[in-house]
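See below for the structure under consideration.
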Amino acid sequence: EKPGKLARRYELHGSRNGFFFGGRILTGGDSPWAFIACLCVVFGFAGLWFGTTGVWWWREAGRARAIVIVCTYMAAVVISSMMVTAFSDPGILPRGLDPDPPYPATSPSDGGIRTPMPRDLKVRDDVVRVKYCPTCKTYRPPRASHCKMCDNCVDGCDHHCQWVNNCVGTRNYTMFIVMLSSATLTLILMIITAALHLWYLTVWQAYTFKEALAHGPGSAVAFALAIVVICPVGALLSYHLRLLLLNITTIEQIRNQAHKSLVPGPPPPNPFSHGSWRKNFIAVLCRPQTLSWLNASAVATEDRRDVNPGM
1 EKPGKLARRY ELHGSRNGFF FGGRILTGGD SPWAFIACLC VVFGFAGLWF GTTGVWWWRE
61 AGRARAIVIV CTYMAAVVIS SMMVTAFSDP GILPRGLDPD PPYPATSPSD GGIRTPMPRD
121 LKVRDDVVRV KYCPTCKTYR PPRASHCKMC DNCVDGCDHH CQWVNNCVGT RNYTMFIVML
181 SSATLTLILM IITAALHLWY LTVWQAYTFK EALAHGPGSA VAFALAIVVI CPVGALLSYH
241 LRLLLLNITT IEQIRNQAHK SLVPGPPPPN PFSHGSWRKN FIAVLCRPQT LSWLNASAVA
301 TEDRRDVNPG M
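Just so you know, the UniProt record's numbering puts 309 at position 309 of the sequence shown, and the rest follows in order with no gaps.
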């Protein structure tokens, strides 16, 4: 580090994330190959459709050129939302907010091992217990979890997504849903337009189906691949739409399933639900993006707090 150069917060943040352009964008701590493969699939689909089916619709279908424009817009939405999800701060919590948490008194029976005491917070009519993270040295707020892949506590952590090589949390969950929704709609458009291309070849030019496949191989390949890919993408979108309407995260849903298998009876109530699926939908997707807690590109300031001498 050059003498007199001010350090940025990301330079002092101990995690597995990769920071670029002065901390303005980041990636997760997982292997990037799944994300690279996903990018190749997205651009491969776009290149295949625009190079074959899209060219036919633009040249031969006359007024149907609007279909190509719509597909171009949808592809841009898929790529841009994927990039925002992958390279934005998901809600990383800064470290060292509680350097000296309270500890319970020790007794001979516990072997002298002490863990920080949890805190009980009131959320509407329920009480939510939050725990201390020894790695980040802070009490995790409700719905926050520590990601082992990125080595961060993330506010509103839903899950770590290897396909975008980043955590999905409060700050990028909306873009994650936009990515899944636009990808599903784009695949549906690809299937319909590719099928119509082959059908028009059999109707307008009186080709047999085999001849239509020979004259439109790109549409045939795009149709088959889109059918294969839309199944997992659509299933993932359906799963997250259900969680969204219930206003629960993937981690909370997994915990509820574990609770159900261990403790008979209904799962514990969800204190974060707004009472109806409409209110939950609005609260999750229409909320403004919060400011970054980490603020990675900002200049780091010295922590002048003193540790409690009684601890």
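Backbone N, C-alpha and C fix where the C-beta goes; we use that ideal spot for every residue, glycine too.
Treat the numbers as computed from the prediction; the structure is a model and nothing was measured.
Q: Tell me where the beta strand (DSSP E) around R119 begins and ends.
A: Numbered from 1 along the sequence shown, position 119 holds the residue referred to as residue 119. Here the beta strand (DSSP E) through R119 covers 119-123.
Q) Helix, strand or coil: which one does DSSP assign to I36? A) Numbered from its first residue, the sequence shown carries residue 36 at position 36. In the structure shown, I36 adopts helical secondary structure according to DSSP, grouped into three states.
Q: For C153, write down the residues that DSSP places opposite it in a beta bridge.
A: Here residue 153 refers to the residue found at position 153 of the sequence shown. According to DSSP, which records beta bridges pairwise, C153 is partnered with H146.
Q | Exposed unless 16 or more other CB atoms sit within 10 angstroms - verdict on T193 | A | For the purposes of this step, residue 193 is taken as residue 193 along the sequence shown, with counting starting at 1. By the neighbour-count rule (16 or more Cβ atoms within 10 Å), T193 is buried.
Q | Proximity to I248 [Cα-Cα], best of C157, W49, H146 | A | Stepping through the sequence shown from its first residue, residue 248 is reached at position 248. Comparing C-alpha distances from I248 to each of C157, W49, H146 shows the shortest one belongs to C157.
**Q.** Contacting residues, own chain, Cβ-Cβ under 6 Å from T174 (five flanking each side not counted)
**A.** Numbered from its first residue, the sequence shown carries residue 174 at position 174. Take T174, set aside five residues on each side of it, and the residues of its chain with a beta-carbon closer than 6 Å to its own are L285, in chain order.
Q) By how many angstroms is the C-alpha of A37 removed from the C-alpha of residue 329? A) Residue 329 cannot be examined here, being either before or after the span of the chain that is shown, 1 to 311.
(Q) Less than 8 Å between the beta carbons of R8 and V299, yes or no? (A) Looking up residue 8 in the sequence shown gives position 8. Looking up residue 299 in the sequence shown gives position 299. Yes, Cβ-Cβ distance for R8 and V299 is below 8 Å.
Q) Is the Cβ-Cβ distance between T184 and V233 less than 8 Å? A) Indexing the sequence shown from 1 puts residue 184 at position 184. Indexing the sequence shown from 1 puts residue 233 at position 233. The Cβ atoms of T184 and V233 sit closer than 8 Å to each other.
Q. From I227 to F281, what distance separates their C-alpha atoms?
A. Translated into positions along the sequence shown, residue 227 becomes position 227. Translated into positions along the sequence shown, residue 281 becomes position 281. Answer to the nearest angstrom: the Cα atoms are 28 Å apart.
Q: Grab the span of the alpha helix (DSSP H) containing C231 for me, first residue to last.
A: Looking up residue 231 in the sequence shown gives position 231. From DSSP, the alpha helix (DSSP H) with C231 extends over 217-246.
Q: Check whether the stretch 92-106 touches the stretch 114-123, counting contact only when three or more Cβ pairs, one atom from each stretch, lie closer than 8 Å.
A: Contact holds: three or more Cβ-Cβ distances are below 8 Å.
Q) For T52, which three-state DSSP category applies? A) Reading the sequence shown from its first residue, position 52 is the one you call residue 52. It is coil, neither helix nor strand.
Q | Sequence-distant residues of the same chain with beta carbon closer than 8 Å to S15, five excluded per side | A | For the purposes of this step, residue 15 is taken as the residue at position 15 of the sequence shown. G29, I92, C150, D151, N152, listed in sequence order.
Q.
For S181, which residues in the same chain have their Cβ closer than 7 Å to its Cβ, ignoring the five residues on either side in sequence?
A. The residue you call residue 181 lines up with position 181 of the sequence shown. Cβ neighbours of S181 within its own chain (closer than 7 Å, five residues either side excluded): L237.
Q) Between which two residues does the alpha helix (DSSP H) containing I92 stretch? A) Taking the first residue of the sequence shown as 1, we reach residue 92 at position 92. Per DSSP, I92 belongs to no alpha helix (DSSP H) and is neither H nor E.
(Q) I need the DSSP call for C136, collapsed to helix, strand or coil. (A) Residue 136 sits at position 136 when you count from the first residue of the sequence shown. It is coil, neither helix nor strand.
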